[in-house]
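The opening position of the sequence shown corresponds to residue 206 in the working numbering, with each subsequent residue numbered one higher.
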Amino acid sequence: MLKQHQLKLVFSLIIIAVLLIMYNYNHNETLVLEKKLARINKELHLKQVTFERRQKTYNEKAKQQRAEIERMRNQLKP
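Structural data, given as structure tokens:
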């Protein structure tokens, strides 16, 4: 009876140890993935800001070109 109780205790301790190891591993992996996600979000934000700035510049140039074309048309009209 005592032997069976000891085996159950050892088995329970092994299970607890395995679960703690798995928890620790998963926690560390989660931290690594969170850091990677933060880095990706930062890169995405920088690309978005760059895109918006370039889009604004493009739109301003296009507007200036349209105004210049309209001015030239008006000069050509008799």
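Even glycine gets a Cβ: it sits at the ideal position worked out from N, Cα and C.
For Q211 and L225, the gap between their C-alpha atoms comes out near 21 angstroms. Per DSSP, the unbroken alpha helix (DSSP H) holding K247 starts and ends at 207-281. When the Cα atoms are used, L236 and N229 turn out to be separated by approximately 11 angstroms.
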